[in-house]
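One structure is given below, encoded as structure tokens.
Numbering (my numbering), first residue to last: 499 to 790.
Written out as structure tokens, the structure is:
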């Protein structure tokens with residue numbers, strides 16, 4: 499069995515003995531390897547969503563007779579609570595549970611990839627899209643959750659209300675930030691559309707420059723070469739006309755601004771990949787980002 503039963507019991511016991519530590523645990527019921535533990539955690543989340551304290555008494559009253567029997571009855575729940583572990587380590591135990599769940603999911607998805615390779619005799623281009631999708635799922639653990647009850651989603655929402663890791667990166671473009679609720683967020687994809695020559699690339703470059711104040715940036719360009727990208731950034735940083743950079747002619751009175759801008763940008767954690775679009779697959783982009 500791919501799971502750590504001691505860690506799973508420790509998480510359940512810690513939360514049931516000290517409900518205040520619930521917010522330190524970022525787990526879904528599916529990440530528990532034992533069905534009874536999964537059922538207990540689901541009940542704890544439902545109690546939290548209703549604003550009830552998820553202790554042993556509340557849990558016994560909340561579970562249906564059928565679900566209680568699946569958990570080993572009242573004696574089974576008491577045994578789980580009695581396997582109490584340090585509350586200070588609950589996040590560490592939850593991390594162990596999550597890591598085992600990720601391994602289990604990765605193994606299952608990897609088996610799907612092998613099955614595709616073994617049972618499909620089509621040409622490579624025909625099966626490549628499915629393989630790439632499956633391998634991407636292995637790397638990101640982005641598997642389908644199936645049907646999820648709204649109470650479980652509300653419980654997850656409540657648990658993340660005051661977490662600092664829900665970080666927002668302002669783009670520096672006030673109106674745009676207002677539209678996207680304050681700035682860019684992790685694990686989100688933003689698509690900016692426009693006709694040729696409308697300034698999409700400059701828009702993206704400006705966002706990158708402002709995000710660099712808080713985080714490294716990787717700029718993948720399928721059209722412009724790295725030199726063109728950098729000359730736009732330098733012109734903006736130095737407040738000089740883009741045409742000067744294109745023509746490689748800078749007024750003598752502004753040459754100092756150019757060198758100052760070049761030095762400032764050169765010290766930033768900014769990386770560019772201008773490989774052709776055909777080679778910029780999602781897995782390739784992810785791999786290069788992991789190098790930073």
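Don't be surprised by glycine CBs; every beta carbon is placed ideally from N, CA and C.
Annotation: residue 515 to residue 553 spans about 6 Å, alpha carbon to alpha carbon.
In the DSSP assignment, residue 675 falls within the alpha helix (DSSP H) that extends over 672-677. Per the Cβ contact rule, the segment 745-752 is not in contact with the segment 713-728 (fewer than 3 Cβ pairs under 8 Å). In the displayed model, residue 683 falls within a strand according to three-state DSSP.
Per DSSP, the unbroken beta strand (DSSP E) holding residue 718 starts and ends at 715-718.
Contact check for residue 527 against residue 533 fails: the beta carbons are separated by 7 Å or more.
A direct Cα-Cα distance of roughly 10 Å separates residue 505 from residue 530. Assignment of residue 690 by DSSP, reduced to helix, strand and coil, places it in the coil class.
Residue 507 places its beta carbon less than 7 Å from that of residue 581. Residue state for residue 748 is assigned as coil, using DSSP reduced to three classes. Residue 547 is not a Cβ neighbour of residue 677, given a cutoff of 7 Å. For residue 650, there is no enclosing beta strand (DSSP E); the residue is part of the alpha helix (DSSP H) that begins and ends at 648-657. With contacts defined as CB atoms closer than 7 Å, residue 538 and residue 510 qualify as a contacting pair. Inter-residue distance for residue 762 and residue 711 is about 12 Å (C-alpha atoms, whole angstroms). When C-beta atoms of the segment 688-696 are compared with those of the segment 556-574, fewer than three pairs fall below 8 Å, so the two segments do not count as touching.
Looking at the backbone, the Cα of residue 569 and that of residue 556 are separated by about 15 Å. Going by DSSP, residue 542 is part of the alpha helix (DSSP H) stretching over 533-547. Look at residue 770 here: in three-state DSSP terms it is strand.
The three-state secondary structure of residue 509, taken from DSSP, is helix.
Fewer than three pairs of CB atoms, one per stretch, sit closer than 8 Å, so the segment 584-598 makes no contact with the segment 609-623. In the three-state scheme derived from DSSP, where H, G and I count as helix and E and B as strand, residue 523 is classed as coil. In the DSSP assignment, residue 667 is bridged to 682.
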